[in-house]
Amino acid sequence: MTTLTEVNGDYVLDAARTRIGFVARHRMATRVRGRFDVFEGAVRLDSDDPARSTAWLTIQANSIETGDRRRDAQLRKSFLDAPAHPVITFVATAVERTGTTTFAVTGDLTIRGVTHPVTVPFELTHVDDDVTFTATLPIDRSRWQVNWNAATTLLVSPTVLLDLQVTASPRG
1 MTTLTEVNGD YVLDAARTRI GFVARHRMAT RVRGRFDVFE GAVRLDSDDP
51 ARSTAWLTIQ ANSIETGDRR RDAQLRKSFL DAPAHPVITF VATAVERTGT
101 TTFAVTGDLT IRGVTHPVTV PFELTHVDDD VTFTATLPID RSRWQVNWNA
151 ATTLLVSPTV LLDLQVTASP RG
């Protein structure tokens, strides 16, 4: 295992070993877990000056999967409005080291054409030739207008927990 201080270079996301997931809570106390299956992204790591590190992620909104085809279709159409807004994006604007293997990545998250800044608290969990980062981040989906109608506002919590397990391999 290598430490963050020894990691430099350009990396691309390994889709087979990366999970872009979420958990939403229904007001009836159930949880819906899901993921996005189609995405791409890259990171540039600079261990000497983490502020010079960068990252970006593009997710295909139509690739949402929860295990229920009918619910997935409703999420694509009414919640994410995937026909009009086919991609969800994150572009890092700042990276700050917060510990030996932890850092905060601030960036612009765009969903449904609405952009807001978020700060993601990533932890470096493994480094070899590849790097693996994990993070969980609660977001308020209503800030991005991810809602269907007034009834879903009452039945589904506005807080969605993003669950990220990102593995990236050296570019090249």
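Throughout the sequence shown, residue numbering follows the UniProt record's numbering, covering 1 to 172 in sequence.
Think of the CB as a built atom: it goes at the ideal place given N, C-alpha and C, for glycine as much as any other residue.
If I'm right that residue i touches residue j with Cβ under 8 Å, what's the distance once you round it to whole angstroms?
i      : j      : result
Pro138 : Glu96  : That belief does not hold up - the Cβ atoms of Pro138 and Glu96 are roughly 20 Å apart, past 8 Å.
Thr58  : Gln165 : With 8 Å as the limit, Thr58 and Gln165 do not qualify as a contact, their Cβ atoms being about 18 Å apart.
Val105 : Ala55  : 6 Å
Arg141 : Pro158 : 6 Å
Asp46  : Asn8   : 6 Å
Tyr11  : Val131 : 6 Å
Any idea if residue i is buried or exposed, counting beta-carbon neighbours within 10 angstroms, 16 or more meaning buried?
i      : result
Val160 : buried
Val114 : exposed
Leu154 : exposed
Could you tell me the alpha carbon to alpha carbon distance between residue i and residue j, rounded to whole angstroms?
i      : j      : result
Ile20  : Asp72  : 16 Å
Thr167 : Arg44  : 13 Å
Met1   : Thr102 : Its pLDDT being 44, under 50, Met1 is placed unreliably by the model, and nothing is read from it.
Asn149 : Val91  : 29 Å
Phe39  : Ala82  : 14 Å
His26  : Asp48  : 44 Å
Ala94  : Ala42  : 15 Å
Would you kindly report the start and end of the unbroken alpha helix (DSSP H) that includes residue i?
i     : result
Asp72 : Arg69 to Gln74
Let's see if you can read the secondary structure: which residues bound the beta strand (DSSP E) around residue i?
i      : result
Asn8   : Asn8 to Leu13
His26  : Arg19 to His26
Val105 : Thr102 to Ile111
Val166 : Val156 to Pro170
Item checked: Three CB pairs or more closer than 8 Å across the region 69-86 and the region 121-128 -> no
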